[in-house]
Structure formats: structure tokens, C-alpha cells
Amino acid sequence: MDQGWAQERARLAGIEALWDPGTCDVLTRSGVAPGSRVLEVGAGGGSIVQWLAVQVGHSGRVVAVDIDVRFVAPLASDVVEVCEVDVVTGELPAAQFDVVHARLLLEHLKDPAAVVLKLVDALIPGGRLVVEDYDWSGFGFESDDALNNRVTEGILSFMAAAGFDRTFGRRLVGVLAGAGLGPVEGNGRSLVVDCTHPGYDFFRLSFEQLAPGAERAGLIAADDVRMFRNRLDAGGPRVITPTLVTGIGHRPVP
Ligand SMILES: C[S@@+](CC[C@H](N)C(=O)[O-])C[C@H]1O[C@@H](n2cnc3c(N)ncnc32)[C@H](O)[C@@H]1O
Numbered sequence: 044m045d046q047g048w049a050q051e052r053a054r055l056a057g058i059e060a061l062w063d064p065g066t067c068d069v070l071t072r073s074g075v076a077p078g079s080r081v082l083e084v085g086a087g088g089g090s091i092v093q094w095l096a097v098q099v100g101h102s103g104r105v106v107a108v109d110i111d112v113r114f115v116a117p118l119a120s121d122v123v124e125v126c127e128v129d130v131v132t133g134e135l136p137a138a139q140f141d142v143v144h145a146r147l148l149l150e151h152l153k154d155p156a157a158v159v160l161k162l163v164d165a166l167i168p169g170g171r172l173v174v175e176d177y178d179w180s181g182f183g184f185e186s187d188d189a190l191n192n193r194v195t196e197g198i199l200s201f202m203a204a205a206g207f208d209r210t211f212g213r214r215l216v217g218v219l220a221g222a223g224l225g226p227v228e229g230n231g232r233s234l235v236v237d238c239t240h241p242g243y244d245f246f247r248l249s250f251e252q253l254a255p256g257a258e259r260a261g262l263i264a265a266d267d268v269r270m271f272r273n274r275l276d277a278g279g280p281r282v283i284t285p286t287l288v289t290g291i292g293h294r295p296v297p
């Protein structure tokens, strides 16, 4: 995805509207509380960083990491530290955090298992790793017609060509277990949303961002882009979201 795209903040807000309530629940169950030290990796638009700062309070600490800190930089405070880091090539602070969280990040990376090892190293012994990524297998529009299906396949193929793994969520729990975490719990959630849901913008704006490139790459026909855009302009078909898979494990205490 193009982080510099003018409507990227609105696209990220769509993600937040879809998933923040469930993510906040899982982070609370994973021990986020007053005084916690939390690392948020791939912090994006920053809604989770803001929520974490309130939860941990002045006795806690939140470190927000992203390769592009445009949206999270204004959240820096005496509780929140913002760091511009590429998690693939850069370093993370070692053995400092009670909870490390990354949502919709690893699915974009060439070697997610290597980055998971860095996330585990950032935890104190006994600390929790919470990772959330998509499995697009169950994604679809309510009306299973040929145009919707061609557009879906064209966009996902274009993302795959850029290194995106559309079924990474399915392998997520296994990758966490392979990183030496204690018993890894996994679950998935999916929503059915129409164009009145604020999360619908994630699908609408992802299409707008990616369709020109997919068309240039020959993965979607220009006519399909035009017809599908007309459909979106008229409201758009109801969406069955991809499954957001969550994996939770703790760093073993030696
Ligand atoms: C799909 S967005 C998800 C944002 C946020 N985690 C959420 O769920 O609302 C992915 C985020 O990961 C960041 N990102 C991508 N590659 C990265 C890397 N190599 N190192 C650090 N951050 C990265 C992007 O800049 C973007 O903010």
C-alpha cells in the first residue's frame, strides 16, 4: 500500500472502525492495565496508541513504531514515545515490554517469522505478544457476481505481486508457536458491513488506491474499474470482511 497516498489516513480509519473494539478487548485480556509498558508496531493511524496511552496512564509507557510516523508523531507525550523504524531492517528495544502488539503488519512482510522473533525479543519474560492479520479466504461481496469477483481477484493479485500474503492469517498461530512462545491461543473475527458502516471506507479506498496499478499491470480491465466504481458510487455491495486472525502467546519465563 502507498503510505503517502492522500487518503491513506481515511483508509486507516476504516481499519480502525472495523477492528478497534475487538483489538482493545484482546489487549485488555492480555494484561494491558495502568503501569503497563506496551510496544505498538506498525502503529498506522494511531487509534490504538491513543487508547493504550489512556489505559497505561502516567505510570506506564507506550512506544509506537512505524516506518512512516506521519500520523502517530503528533501523539508523542510523556507517556507515548514515537519511533520511526523499519521493523525488517531496524532494531527494537530488547526485553522491555509487558505487551507487544502488531495488527495488519506481518502479512505485508517478506519474512514475517524473522520479524516475529524481534517482537518476542522486545518482551520481558512472561510478557504477551498479540498479533493480528487477515486471512482473505472468506472475503466476498453479498452478491456473488462475476464483476465483484473479478475486481476482488485483480486487487488481491496486485497486492500479492507486491509481496502481500493474502492467507497469512491462517498461518499466524503456527508462526507464533514456532517462535518459542508459550501455548499460543488463536481466534478469528469477521464482520458483515454495508456502505453505512465507517469501516466500509477501508474496502472503498483500498480499491481506489490499488485499482489504477492493477489496471496498469493488466490484472483488472479498465471497464471493470469503471463499472465497479459506479457500483461504489451508488453505495456498493455489502461486504463479508476477511477474517482477522488473532494470535496470543507469552514469552516463556526461563
Ligand atoms: C495496514 S496498516 C495497519 C495500521 C495499524 N496497525 C492498524 O491496524 O490500524 C500497516 C502499517 O504498518 C506500517 N509498516 C509497513 N511496513 C513496515 C515496516 N517494515 N516497519 C514498520 N512499519 C511498517 C505501515 O506504515 C502502516 O502504518
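Residue numbers (my numbering): 44 to 297.
C-beta: ideal position from N, C-alpha, C; glycine also.
Excluding sequence positions up to five away, which residues of its chain have a Cβ less than 7 Å from the Cβ of A86? Against the sequence shown, residue 86 aligns to sequence position 43. Cβ contact annotation for A86 (same chain, cutoff 7 Å, sequence separation greater than five): V92, A107, V108, D109 and V115, in chain order.
Own chain residues within Cβ distance below 7 Å of A257, not counting five before or after: In the sequence shown, the residue the question calls residue 257 occupies position 214. Sequence-distant Cβ neighbours of A257 in its own chain, meaning closer than 7 Å and more than five residues away, are G197, I198, F201 and I263.
Using only the alpha-carbon positions, how far apart do V131 and V84 sit? Numbered from its first residue, the sequence shown carries residue 131 at position 88. Numbered from its first residue, the sequence shown carries residue 84 at position 41. Taking the Cα positions, V131 is about 11 Å away from V84.
Tell me where the alpha helix (DSSP H) around C67 begins and ends. Position 24 of the sequence shown holds residue 67. E51 to R72 is the extent of the alpha helix (DSSP H) around C67.
Less than 6 Å between C-beta atoms, sequence neighbours within five positions excluded: which residues of the same chain meet that for A222? Reading the sequence shown from its first residue, position 179 is the one you call residue 222. If you ignore the 5 residues before and after A222, its C-beta comes within less than 6 Å of the C-beta of V159, L160 and V163, all in its own chain and listed in chain order.
DSSP three-state call for V75: helix, strand or coil? Along the sequence shown, read from residue 1 onward, the residue named residue 75 stands at position 32. If DSSP states are grouped into helix, strand and coil, V75 belongs with coil.
Is R247 near ligand 1, with its Cβ less than 8 Å from a heavy atom? For the purposes of this step, residue 247 is identified with residue 204 of the sequence shown, where counting begins at 1. Not under cutoff, so the answer is no.
Could you name each continuous beta strand (DSSP E) segment of 3 residues or more that falls completely within the stretch 222-283, going from the start of the chain to the end? Segments of the beta strand (DSSP E) lying fully in the stretch 222-283: 228-232.
Which partner residues does I291 have in the DSSP bridge list? Reading the sequence shown from its first residue, position 248 is the one you call residue 291. DSSP output for I291 lists V173 and E228 as bridge partner(s).
Same chain, Cβ closer than 6 Å to G278, five either side skipped, listed in chain order: Along the sequence shown, one-based indexing puts residue 278 at 235. Within the same chain, G278 has close Cβ partners C238.
Measuring from each Cβ to the nearest heavy atom of ligand 1, keep the ones under 5 Å and list them in chain order. Those residues are Q46, I58, G85, G87, D109, I110, D111, D129, V130, V131, R146, L147 and L148, given in chain order.
Count the other C-beta atoms from every protein chain shown that fall within 10 angstroms of the C-beta of S90, then say buried if there are 16 or more, exposed otherwise. Position 47 of the sequence shown, counting from 1, holds the residue named residue 90. Taking a 10 Å sphere around the C-beta of S90, we find 16 or more other C-beta atoms and assign the residue as buried.
Taking all protein chains shown into account, decide if M51 is buried (16 or more other Cβ within 10 angstroms of its Cβ) or exposed. One-based indexing of the sequence shown puts residue 51 at position 8. Before going on, a small fix: residue 51 reads as Glu here, not Met. Label assigned to E51: buried.
Beta-carbon proximity list for V236, same chain, < 6 Å, skipping 5 on both sides: As a first step, residue 236 must be located in the sequence shown, where it is residue number 193. So the qualifying residues of the chain are G242, Y243 and V282.
Quick one: what's got a C-beta closer than 6 Å to R104's C-beta in the same chain, skipping five residues either side? Mapped onto the sequence shown, residue 104 falls at position 61. The residues are R80.
With 16 other CB atoms within 10 Å as the buried threshold, where does A137 fall? Translated into the one-based positions of the sequence shown, residue 137 becomes position 94. Around the CB of A137, fewer than 16 other CB atoms lie within 10 Å, so the residue is classed as exposed.
Under three-state DSSP, which class holds H144? Position 101 of the sequence shown, counted from the start, is the residue given in the question as residue 144. DSSP places H144 within a strand segment (E or B) once states are collapsed to three.
Buried or exposed for T71, going by 16 or more other Cβ atoms inside 10 Å? Along the sequence shown, one-based indexing puts residue 71 at 28. Exposed, because fewer than 16 other Cβ atoms sit within 10 Å of the Cβ of T71.
Backbone secondary structure at P155 - three-state DSSP: Here residue 155 refers to the residue found at position 112 of the sequence shown. It is helical.
Does the stretch 216-233 touch the stretch 184-195, meaning 3 or more C-beta pairs lie closer than 8 Å? Taking 8 Å as the limit for Cβ pairs, the verdict is that the stretch 216-233 does not touch the stretch 184-195.
Label F187 either buried or exposed according to how many other C-beta atoms from any shown protein chain fall within 10 Å of its C-beta, with 16 as the threshold for buried. Sequence index remark: in the sequence shown, residue 187 carries index 144 (1-based). It should be noted that the sequence gives Asp, not Phe, for residue 187. Under the 10 Å beta carbon count, D187 is surrounded by fewer than 16 other beta carbons and is classified as exposed.
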